[in-house]
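Please read the structure below before turning to the comments.
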Amino acid sequence: MKKKESTMRRTDREVREFEDILKIIQKAKILRLGLFDGAYPYIVPLHFGYTYDPETKDLIFYMHSAKEGHKLDLIRDNPNVCIELDVDMEIVSGGDVPCRYGASFSSVIARGSTDIVENPEEKVKGLEQLMLHQTGRSFEMSEKMALTVEVVRVKVLEITAKERKKPKDF
């Protein structure tokens, strides 16, 4: 995985340190998975868990899914995906001037490759990571439990993040 070379217009808002990107990911509970659906994008909000290996730099997201459906069909058709996560969104008032309104936020956009996990041990691992991230608690999942759902894996290939902090006088 690599941090994408910036093509961001507002480079003053770019989050440059990978540790800070991980902090945004840690705060988020929902990611939006962008898939190809013919001529139109298809975006699905999903709960997720993730792993990051500092040695290999592998960042992997795990989501769960029903055993069949449109999302899985699209994943099988084209593994190239985009992920978006955002946190800390708050309207910044512009008073009586509508064009002065804005928002504070932190967001992450990543591109990657997705697949449906077949290995039962990795399915368990993915579900355990999802539950840990969502609840802050460790759960012991069995392979029997894991067989009742599909686990979708996204390996991140490139990532960027952006943030607009709330003004101090707000």
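Quick note, our numbering runs 76 ahead of the 1-based positions in the sequence shown. Glycine included, C-beta positions come from ideal geometry on N, C-alpha and C.
Cutting at 7 Å between CB atoms, please list the residues of its own chain near residue i, excluding the five before and the five after it.
i           : result
residue 243 : 168
residue 118 : 111, 150
residue 193 : 199, 202, 227, 229
Given that a residue counts as buried once 16 or more other Cβ atoms are within 10 Å of its Cβ, and exposed if not, what is residue i?
i           : result
residue 124 : buried
residue 165 : exposed
residue 230 : buried
residue 157 : buried
residue 236 : buried
residue 103 : exposed
residue 211 : exposed
residue 115 : exposed
residue 83  : exposed
residue 97  : buried
residue 173 : exposed
residue 238 : buried
residue 190 : buried
Return the bridge partner residues of residue i from the DSSP annotation.
i           : result
residue 141 : 226
residue 129 : 134
residue 188 : 157, 232
residue 90  : 238
residue 193 : Bridge partners of residue 193: none, in fact.
residue 162 : 183
residue 168 : 178
Keeping to the same chain, check which residues put their C-beta closer than 8 Å to that of residue i; ignore five residues upstream and five downstream.
i           : result
residue 177 : 167, 168, 169, 170
residue 126 : 101, 135, 136, 137, 138, 205, 209
residue 241 : 180
Ordered along the chain, which non-local residues of its own chain (more than five positions away) have a Cβ less than 6 Å from that of residue i?
i           : result
residue 232 : 77, 135, 186, 188
residue 128 : 135
residue 108 : 119, 121, 160
Is residue i near the ligand ZN, with its Cβ less than 7 Å from a heavy atom?
i           : result
residue 195 : No copy of the ligand ZN appears in this structure; indeed no ligand is present at all.
Using a Cβ distance threshold of 8 Å, determine whether the stretch 142-161 contacts the stretch 224-238, with at least three qualifying pairs required. When C-beta atoms of the stretch 142-161 are compared with those of the stretch 224-238, three or more pairs fall below 8 Å, so the two segments count as touching.
Touching or not, the stretch 132-140 and the stretch 200-208, by the rule of three or more beta carbon pairs under 8 Å? Counting Cβ pairs under 8 Å, three or more are found: they touch.
So, does the stretch 151-164 touch the stretch 181-191, judging by three or more C-beta pairs under 8 Å? A contact exists between the stretch 151-164 and the stretch 181-191.
Segments assigned beta strand (DSSP E), at least 3 residues, entirely inside the stretch 102-128: For the stretch 102-128, whole beta strand (DSSP E) runs of length 3 or above, ordered along the chain, are 106-113, 116-123.
List in chain order: all unbroken beta strand (DSSP E) runs of 3+ residues lying wholly within the stretch 197-221. With a minimum length of 3 residues, no continuous beta strand (DSSP E) run stays inside the stretch 197-221.
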